[in-house]
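Here my numbering is used: position 86 in the sequence shown is 96, and no number is missing along the way.
This report refers to the structure that appears directly beneath it.
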Amino acid sequence: MEWQEVRGNWLCIPQRPLGWIHFLGGAFVAAAPQLTYRRLLEHLAEANYGIIATPFVNSFDHGAIALDALNKLDYALDWLVHRQGYPPALPIYGLGHSMGCKLHLLINSLYDGDRAGNMFMAFNNYPASQSIPWMDNLGPASVEFTPSPTETEHFIQKRYPVRRNLLIRFQDDDIDQTARLRSLLRAKFGDMVTALKLPGNHLTPLSQDLKWQVGAEFSPLDALGQWIKQSLFPEMPVLEACLLEWLNPLGAARRCRP
């Protein structure tokens, strides 16, 4: 799959996309999502979903980051529809990891981002004192994220409009707060919220692929290469399958085994 930079985003577009996935990554790995999340995003693109990955640099003003990400998405969609001729009515899905989940929640709660659904992997909404190690040294008057964790929950309760949501928690993730988000969203949308607990840890979405080119005839060496690939990243096929099954319940292969 080929990546191209368009108006502040990194795009990976199949020939006939079924929809667009707007991706926002974690706080310290989001500056180059086309590299840090390459395997996951290219797998979704190979399943015919157009990827619009928006880089960002973390700051204390999460609301401003969310607005900037939404503006960049709008620029990319305008380019895709009016310059490249893609259909204007394709559904848009949000996909976030860690801090990227909070940004998608803010985009839809504060700025009316239009979404067919959102997918949240390893959500967390910690205050600055728990997110940045050196913050404790600044004392009780230290700076907090804007909006704060409490304010973010208030916005979700009062303003978040997206009914269809997928929440993914990884089994060995000690900083995950998906349970709290699940409670907030199910109080609003009930069974429209799907919550899964999958094998892996907080960094599982960052797992990279081992590129192994199979020869003209499948050899014992090719079999070894495939075994190594599956052994290094055993959680990724499950995550990928669950995302695709949620995106297209009727068309995806049933390989999601939480």
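Glycine residues also receive a C-beta, built at the ideal position from the N, C-alpha and C atoms.
What you are looking at is a predicted structure, and each value in this text was computed from that prediction instead of being measured.
Close Cβ partners of residue i (< 8 Å) along its chain, the five nearest in sequence each way excluded
i: Glu12; result: Cys22
Buried or exposed by the 16-neighbour rule on C-beta atoms within 10 Å, applied to residue i
i: Met202; result: exposed
i: Ser119; result: buried
i: Gln44; result: buried
i: Glu255; result: buried
i: Pro97; result: exposed
i: Val39; result: buried
i: Arg93; result: exposed
i: Pro27; result: buried
i: Gly261; result: exposed
i: Arg125; result: buried
i: Arg265; result: exposed
i: Gly95; result: exposed
i: Asp183; result: buried
Residue i to residue j span [Cα, whole Å]
i: Ala55; j: Asn175; result: 20 Å
i: Leu249; j: Ser139; result: 30 Å
i: Ser241; j: Asp219; result: Note on Ser241: pLDDT 44, under 50, position unreliable in the model; no value is reported.
i: Gly200; j: Arg173; result: 9 Å
i: Lys198; j: Gly106; result: 20 Å
i: Ile166; j: Leu115; result: 7 Å
i: Arg267; j: Cys252; result: 8 Å
i: Gln14; j: Ile75; result: 22 Å
i: Pro247; j: Ala57; result: 13 Å
i: Ser69; j: Met131; result: 21 Å
i: Thr188; j: Arg169; result: 19 Å
i: Arg8; j: Leu177; result: The first residue shown for the chain is 11 and the last is 268, placing residue 8 beyond what the model contains.
i: Arg190; j: Val91; result: 37 Å
i: Gly210; j: Trp30; result: 26 Å
i: Asn128; j: Thr162; result: 16 Å
i: Leu194; j: Ala42; result: 31 Å
i: Ser158; j: Leu77; result: 16 Å
i: His164; j: Val153; result: 20 Å
i: Asp122; j: Leu100; result: 17 Å
i: Pro137; j: Ser108; result: 13 Å
i: Phe309; j: Pro171; result: Examination of residue 309 is not possible in this model, given that the chain is present from 11 through 268 alone.
i: Ser141; j: His212; result: 14 Å
i: Pro259; j: Asp84; result: 27 Å
Rounded distance between the beta-carbons of residue j and residue i, thought under 8 Å
i: Ile185; j: Asn134; result: 5 Å
i: Gly73; j: Thr156; result: 6 Å
i: Tyr47; j: Leu216; result: 6 Å
i: Thr214; j: Glu245; result: 5 Å
i: Gly9; j: Gly36; result: Nothing can be reported for residue 9, as the shown portion of the chain is limited to 11 through 268.
i: Leu206; j: Tyr59; result: Contact doesn't hold; Cβ gap of about 19 Å is too wide.
i: Ile102; j: His32; result: 6 Å
Own chain residues within Cβ distance below 7 Å of residue i, not counting five before or after
i: Ala79; result: Leu34, Thr64, Phe66, Leu113 and Ile117
i: Arg196; result: Val203
i: Trp144; result: Because the pLDDT of Trp144 is 46, which lies under 50, any placement of that residue in the model is unreliable, and the question is left without a value.
i: Trp89; result: Val16 and Arg17
i: Asp71; result: Thr156
Close Cβ partners of residue i (< 6 Å) along its chain, the five nearest in sequence each way excluded
i: Asn19; result: Ile62, Thr64, Lys82 and Ala86
i: Leu50; result: Pro215
i: Pro24; result: Ala55 and Asn58
Contact test: residue i Cβ vs the ligand GTP heavy atom, cutoff 7 Å
i: Asp186; result: By its list of ligands, the structure shown contains no ligand whatsoever, and the ligand GTP lies outside what it can speak to.
Cβ of residue i within 8 Å of any chain B Cβ
i: Arg49; result: The structure shown has no chain B; it contains just one protein chain.
Considering only residues of the stretch 157–233, which uninterrupted alpha helix (DSSP H) runs meet the minimum length of 4 residues and lie entirely inside it, listed in chain order? Correct list: 159–169 and 188–199.
Entirely enclosed alpha helix (DSSP H) segments - the stretch 36–110, minimum 4 residues: List check, alpha helix (DSSP H) in window: 43–46, 48–56 and 72–88.
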